[in-house]
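All remarks here apply to the structure that follows.
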Amino acid sequence: MLLPLPAVEARHLSLKHHVALASLRAGRADVDAIATVMNVVYLAFFLRDANDRDVSPYRAAEAALNAIVERVRRAQAGEPNDDERAALERIVVQHDMQMATLPKYRLIDAWSRLTRIVQDVGPSPIPAPE
Numbered sequence: 131m132l133l134p135l136p137a138v139e140a141r142h143l144s145l146k147h148h149v150a151l152a153s154l155r156a157g158r159a160d161v162d163a164i165a166t167v168m169n170v171v172y173l174a175f176f177l178r179d180a181n182d183r184d185v186s187p188y189r190a191a192e193a194a195l196n197a198i199v200e201r202v203r204r205a206q207a208g209e210p211n212d213d214e215r216a217a218l219e220r221i222v223v224q225h226d227m228q229m230a231t232l233p234k235y236r237l238i239d240a241w242s243r244l245t246r247i248v249q250d251v252g253p254s255p256i257p258a259p260e
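For the working numbering, add 130 to where a residue sits in the sequence shown, where the first one is 1.
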């Protein structure tokens, strides 16, 4: 539990995350792709360094996904704009690093926290700006 995920598992998850992100970038914003990338945003937030007080990258990625959902809901183009794409890419790449380096128990804890939020349909875990 103190070691990171086995490399094969980390690569498998990373591929899943990058395929979902590629789907969004291509304008194929389906529920699975949006949910997968939103999970990555929240997991990366939970796994960030305890001393990292800057939550703006996570907030920007979450806002990007919410904007994509809103555009799809209005039957508009679902692909992210340049700023949204950059915000999402930053978090997906960060999460790749987290999966490759953090102890497995931290990933399990983050998944547990994410599961509780999803099951309870709770509010975003990312604090709103002050």
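All residues carry an ideal CB built from backbone N, CA and C; glycine is no exception. Just so you know, these numbers come straight off a predicted model, no measurement behind them.
Going by beta carbon distance, what residues of the same chain come within less than 8 angstroms of residue i, once the five residues before and after it are set aside?
i: phenylalanine 175; result: Val185, Tyr188, Pro255, Ile256
i: leucine 232; result: Pro134, Leu177
i: leucine 244; result: Asn169, Tyr172, Leu173, Phe176
i: histidine 147; result: Thr166, Val167, Val170, Val222, His225, Asp226
i: tryptophan 241; result: Leu173
With the cut-off set at 7 angstroms, would you say residue i and residue j are in Cβ contact?
i: lysine 234; j: leucine 135; result: yes
i: valine 138; j: histidine 225; result: no
i: valine 223; j: alanine 159; result: no
i: alanine 140; j: serine 153; result: no
i: isoleucine 198; j: glycine 208; result: yes
Within 10 Å of its beta-carbon, does residue i have 16 or more other beta-carbons around it, so buried, or fewer, so exposed?
i: threonine 166; result: buried
i: proline 210; result: buried
i: serine 144; result: buried
i: alanine 205; result: exposed
i: alanine 258; result: exposed
i: alanine 180; result: exposed
Which value, in whole angstroms, describes the spacing of the CA atoms of residue i and residue j?
i: leucine 133; j: aspartate 239; result: 14 angstroms
i: leucine 237; j: methionine 227; result: 12 angstroms
i: aspartate 212; j: arginine 246; result: 32 angstroms
i: asparagine 196; j: methionine 131; result: 34 angstroms
i: glutamate 127; j: arginine 183; result: For residue 127 there is no data in the structure shown, the boundaries of the chain being 131 and 260.
i: alanine 230; j: histidine 142; result: 12 angstroms
Near residue i, what residues of its chain come up, given a Cβ to Cβ distance below 7 angstroms and the 5 sequence neighbours on each side ignored?
i: alanine 194; result: Pro210, Glu214, Ala217, Leu218
i: arginine 100; result: The requested residue 100 is not part of the displayed model; the chain covers only 131 to 260.
Does any heavy atom of the ligand FMN sit closer than 6 angstroms to the C-beta of residue i?
i: arginine 158; result: With respect to small molecules bound, the structure shown includes none, and the ligand FMN cannot be examined in it.
Counting only the same chain and skipping the five closest in sequence on each side, list residues whose C-beta sits under 6 angstroms from that of residue i.
i: valine 251; result: none
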